[in-house]
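Residue numbers (this note's numbering): 264 to 585.
Each residue gets a CB set at the ideal place from its N, CA and C atoms; glycine is no exception.
Remember, it's a predicted structure, so these values are computed and weren't measured experimentally.
Read through the structure below, which is laid out as structure tokens, and then see the notes.
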Amino acid sequence: MPFQSRRKPTAHTYLDNRVIKSQRENKRTRSQRARQRLETKEHLARLAVGLGEVELADKIDRCHSRLSVLTCGRHIARVIPNFTCEFRLCPDCGRRRSRRLQNKYLPIMRAFMLHNRVTPVHLVLTQTHQKESRKQSAKRIKDSFGKLQRRQFWNERFKGGTWSLEFTKDKNGFHHTHLHVIGFRRHFFAIELLRAEWLAVTGDSYVLHLKPVQDIAKGLQEVVKYVSKPLDIRRFGAEDLREFLKLKNMRMFGTFGEFRDFCKDFEPSDDEGAAVGELESLARDLVEGCACPKCDRPLFDLRMSKNELPQFYERIESFAPE
Ligand SMILES: [Zn+2]
Ligand SMILES: [Zn+2]
Numbered sequence: 264m265p266f267q268s269r270r271k272p273t274a275h276t277y278l279d280n281r282v283i284k285s286q287r288e289n290k291r292t293r294s295q296r297a298r299q300r301l302e303t304k305e306h307l308a309r310l311a312v313g314l315g316e317v318e319l320a321d322k323i324d325r326c327h328s329r330l331s332v333l334t335c336g337r338h339i340a341r342v343i344p345n346f347t348c349e350f351r352l353c354p355d356c357g358r359r360r361s362r363r364l365q366n367k368y369l370p371i372m373r374a375f376m377l378h379n380r381v382t383p384v385h386l387v388l389t390q391t392h393q394k395e396s397r398k399q400s401a402k403r404i405k406d407s408f409g410k411l412q413r414r415q416f417w418n419e420r421f422k423g424g425t426w427s428l429e430f431t432k433d434k435n436g437f438h439h440t441h442l443h444v445i446g447f448r449r450h451f452f453a454i455e456l457l458r459a460e461w462l463a464v465t466g467d468s469y470v471l472h473l474k475p476v477q478d479i480a481k482g483l484q485e486v487v488k489y490v491s492k493p494l495d496i497r498r499f500g501a502e503d504l505r506e507f508l509k510l511k512n513m514r515m516f517g518t519f520g521e522f523r524d525f526c527k528d529f530e531p532s533d534d535e536g537a538a539v540g541e542l543e544s545l546a547r548d549l550v551e552g553c554a555c556p557k558c559d560r561p562l563f564d565l566r567m568s569k570n571e572l573p574q575f576y577e578r579i580e581s582f583a584p585e
């Protein structure tokens, strides 16, 4: 009975909460974030044990449990884990996944924009909240987006882009599934027209947000964040995990339209490769004895357990920035 109970999403509280939430997140220090990742993983492992998913719990437990930290003593150049669980809800693996996506897609996006003279926008598509499973909710919004892409209005205004899924759940147990789209806009149009199109394909929702992306690197970072952190796991219960495990093969990120074809053919030139993730690729080549990219002091390899990492970050944070 999918239509048994529904509520209209409120247009503005969503974005307001979003902003407050990300401001709060930005204020946290690295040590606080590292500690939180530890807690999240312990919580996940406990839930997994409760569901009899012992193997999963063990993997989460081992993931990033021993670390090799390349440091000059004042800066951290690189953290290399002994093992990665690759579980979708693992915050450590999520960060790695989102960095991989950024490194892969940023040069393609830059090249695409250059070749096509399109402007990127960040579009958030929402739908009515219904009593349904997470899977149904995700399928519903993806189907609507598929319909939108087949419409003339959309094709005349967008030249493809990327999409990613964000899941949240409210106190009443309603799933709020959003699609975050980086769309390459051909030309400006009135937002009301897009609302009408979205209503036409969903049948009941016109709520969406659109904002221009000034800096494509930041825009991409913002949308892949949801791939790395699809949910607020600390409020997660056993049932949520059980439900999430059913989503195993569901895609959370994808490309569409002409951008999708462009990705298939894209081979980075030396220039374009260098323009992206410079620090990332630089860090990948660092080994013990290399100069610290921040201060030139030699790097050494410090071995530590996962529980020691937050403390180490604290020590680093206690030094005044040079
Ligand atoms: Zn992991
Ligand atoms: Zn240094």
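Looking at the backbone, the Cα of CYS356 and that of ARG363 are separated by about 10 Å. Exposed is the label assigned to CYS558, since fewer than 16 other Cβ atoms lie within 10 Å of its Cβ. Exposed is the label assigned to VAL317, since fewer than 16 other Cβ atoms lie within 10 Å of its Cβ. Assigned with DSSP and collapsed to three states, GLN415 falls in helix. Taking a 10 Å sphere around the C-beta of HIS450, we find fewer than 16 other C-beta atoms and assign the residue as exposed. Scanning its chain for C-beta atoms nearer than 7 Å, with the 5 sequence neighbours on each side dropped, one finds around GLU577 the residues SER294, in chain order. The C-beta of PHE522 has 16 or more other C-beta atoms within 10 Å across all chains shown, which makes the residue buried. When DSSP states are grouped into helix, strand and coil, LYS509 belongs to the coil group. Under the three-state reduction of DSSP output, VAL381 falls in the coil class, being neither helix nor strand. Counting the other CB atoms within 10 Å of its CB gives ARG560 a total below 16, which places it among the exposed residues. Counting along the chain, no alpha helix (DSSP H) covers ASP467, and no H or E run does either. Ordered by chain, the residues meeting the criterion of a beta-carbon within less than 7 Å of a non-hydrogen atom of ligand 1 are ILE323, CYS326, HIS327, THR347, CYS348, GLU349, PHE350, CYS353, ASP355 and CYS356. Beyond the five residues adjoining it in sequence on each side, GLY517 comes within less than 6 Å, by CB distance, of TRP426 in the same chain, given in chain order. Counting C-beta pairs closer than 8 Å gives three or more between the segment 428 to 440 and the segment 392 to 408, which meets the contact rule.
Within a 10 Å sphere around the beta-carbon of ILE343 sit fewer than 16 other beta-carbons, which makes this residue exposed. Using a C-beta cut-off of 8 Å, the segment 346 to 355 makes no contact with the segment 371 to 378, since fewer than three inter-stretch Cβ pairs fall below that distance.
Two segments are said to touch when three or more pairs of C-beta atoms, one from each, lie closer than 8 Å; by this definition the segment 297 to 307 touches the segment 566 to 580. A distance filter of 6 Å between CB atoms and the heavy atoms of ligand 2 selects the following residues in sequence order: CYS335, ARG337, HIS338, CYS555, LYS557, CYS558 and ARG560. When DSSP states are grouped into helix, strand and coil, GLU429 belongs to the strand group.
If you check the CB distance, HIS385 and LYS474 come in under 8 Å.
Of PRO354, ALA340, GLY409 and LEU411, the smallest CA-CA separation from ALA308 is found for PRO354. Note on GLY315: under 16 other CB atoms within 10 angstroms of its CB, so exposed under the neighbour-count rule.
Considering only MET515, ASP478 and PHE582, the residue with the shortest C-alpha distance to ALA401 is MET515.
The criterion of a C-beta distance shorter than 8 Å is satisfied by THR334 and LEU565.
Ranked by Cα distance from MET372, the options ASP478, PHE582, THR431 and MET513 are led by ASP478.
Residue state for SER328 is assigned as coil, using DSSP reduced to three classes.
Nearest C-alpha to LYS410 among TYR368, ASN366 and THR465: THR465. Boundaries of the beta strand (DSSP E) harbouring PRO344: 339 to 344, taken from the DSSP string. Of the candidates GLY500, ARG448, ARG414 and VAL470, VAL470 places its Cα closest to the Cα of ARG458. Rounded to whole angstroms, GLN415 and PHE447 show a C-alpha spacing of 15 Å.
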